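Everything in the sequence shown is counted per our numbering, starting at 56 for the first residue and increasing by one. Worksheet: one structure, shown below.
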Amino acid sequence: MANNIPNRQAMCEALIELAQEDRDIMVLASDSRGSAAMAPFVKQFPEQFVETGIAEQNIVGIAAGLAHSGKKPFVTSPACFLSMRSIEQVKVDVAYSATNVKLVGISGGVSYGALGMSHHSLQDIAVTRAIPGLTIILPADRHETRKMTQALAKHEGGTYVRIGRNPVEDVYESDDYDFQIGKAVVMKQGSDVTLIGTGETVRIALDAAKLLEEAGIGARVLNMHTIKPLDEEAIIAAARETKAIVTLEEHSIFGGLGAAVAEVISTNHPVPLRILGIPDEPAIAGKTAEIFAHYGLTAANVLQLATELVKAKAEQK
Numbered sequence: 056m057a058n059n060i061p062n063r064q065a066m067c068e069a070l071i072e073l074a075q076e077d078r079d080i081m082v083l084a085s086d087s088r089g090s091a092a093m094a095p096f097v098k099q100f101p102e103q104f105v106e107t108g109i110a111e112q113n114i115v116g117i118a119a120g121l122a123h124s125g126k127k128p129f130v131t132s133p134a135c136f137l138s139m140r141s142i143e144q145v146k147v148d149v150a151y152s153a154t155n156v157k158l159v160g161i162s163g164g165v166s167y168g169a170l171g172m173s174h175h176s177l178q179d180i181a182v183t184r185a186i187p188g189l190t191i192i193l194p195a196d197r198h199e200t201r202k203m204t205q206a207l208a209k210h211e212g213g214t215y216v217r218i219g220r221n222p223v224e225d226v227y228e229s230d231d232y233d234f235q236i237g238k239a240v241v242m243k244q245g246s247d248v249t250l251i252g253t254g255e256t257v258r259i260a261l262d263a264a265k266l267l268e269e270a271g272i273g274a275r276v277l278n279m280h281t282i283k284p285l286d287e288e289a290i291i292a293a294a295r296e297t298k299a300i301v302t303l304e305e306h307s308i309f310g311g312l313g314a315a316v317a318e319v320i321s322t323n324h325p326v327p328l329r330i331l332g333i334p335d336e337p338a339i340a341g342k343t344a345e346i347f348a349h350y351g352l353t354a355a356n357v358l359q360l361a362t363e364l365v366k367a368k369a370e371q372k
């Protein structure tokens, strides 16, 4: 059965459950309670909600102040604005000041679709990766979003989370699995090539792995939900044991998951790598599936890339 619960709704449900036990949990919105699906939280906990209006710089500063007073603020704001307009406040008020602020970029990647480049967030991972000490997480589905939200409530430190706008197909059957910040999840074992996805591209990696299996190629699939701190151990093991890697991300090919993986394997265990993402151009406007298809973020294209890598590897023996 197709899933009709977007990750932002799953996060709201998890925050409501957490707030019933912990009155220090706060949600902030920048005229975005509807976009963030936080209206149910506001209804149940109006005293634990702050509406700043369209003021992304101010919302981060206010959240930092709340954190200094012992609160646990979750800032919910469109990823395109939160990660760009308020980046100085993120650097100084969150990272440099070591505040316990969770920054949740909603409708991330290309999920604003038709609104085009002004509303796409395809540089947010590159920007936030460069800020010292900031944890970065992209959950793959509604189940992982719930697990991540529960983990974040216990996690101390600044965090940037990116979630999409629309419901996505599940990659987990339930919430019954081990989620650890900074620890990749092996979704499928394989010895011929490794596919590493993050966020909503994990689903594409799993679909591609199924096609590869039908073609006689065993693909390992890693769900790299945490981009920072990166699970270097899992990447090095994948490089050593499968000797070829394809990364998939809803992000510029510069500075995101693929770049992070390249940094690890180039200094530890170099192997052929293909980085699949958005090239250095203003991304086209359209529905998410249309944009993904335009840039080859599809199982069929991953099948082709991975097959070429495996073939090249065999020819070098």
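No residue lacks a Cβ here, since even glycine has one placed at the ideal position from N, Cα and C. Because the structure is a prediction, the values reported are computed rather than measured.
Tell me which same chain residues have a C-beta within less than 7 Å of the C-beta of residue i, skipping the five on either side of it?
i	result
A134	G160, I161, S162, G163, S176, D179, R217
A293	T249, R275, L277, I300
G108	S85, D86
M93	C67, V82, A84, T131
V105	M81, L83, I117
Q144	Q112, V115, G116
Thinking residue i and residue j are a contact (beta carbons under 8 Å), I'd like their distance in whole angstroms, please.
i	j	result
I186	A150	5 Å
A270	T362	7 Å
V156	A118	5 Å
A338	V165	6 Å
A206	I236	6 Å
When the Cα of residue i is compared with those of the options, which residue comes out closest?
i	options	result
E336	S307, P325, L364, V319	S307
S85	A69, S132, E68	S132
A181	I282, P327, A69	I282
H210	Q371, M66, K127	K127
G168	L360, A348, Q244, T302	A348
G273	S138, S246, I290, L364	S246
L266	N356, Q99, A122, G212	N356
I142	V241, G212, G116	G116
F234	M279, L303, H324	M279
E318	S173, T343, E288	E288
Just verifying my parser: in three-state terms, what is the DSSP assignment at residue i?
i	result
M81	strand
A206	helix
M93	coil
V130	strand
L250	strand
G116	helix
F347	helix
K372	coil
G273	coil
Kindly list the residues whose CB is nearer than 8 Å to the CB of residue i, restricted to its own chain and excluding five residues on each side of it in sequence; keep chain order.
i	result
A315	R184, I282, K283, L285
Between residue i and the ligand SAH, is the CB less than 7 Å from at least one heavy atom?
i	result
R295	Here there are no bound small molecules, and the ligand SAH is not part of this structure.
Quiz item: Can at least three beta-carbon pairs, one atom from the region 248–265 and one from the region 224–232, be found at a separation below 8 Å?
Solution: yes
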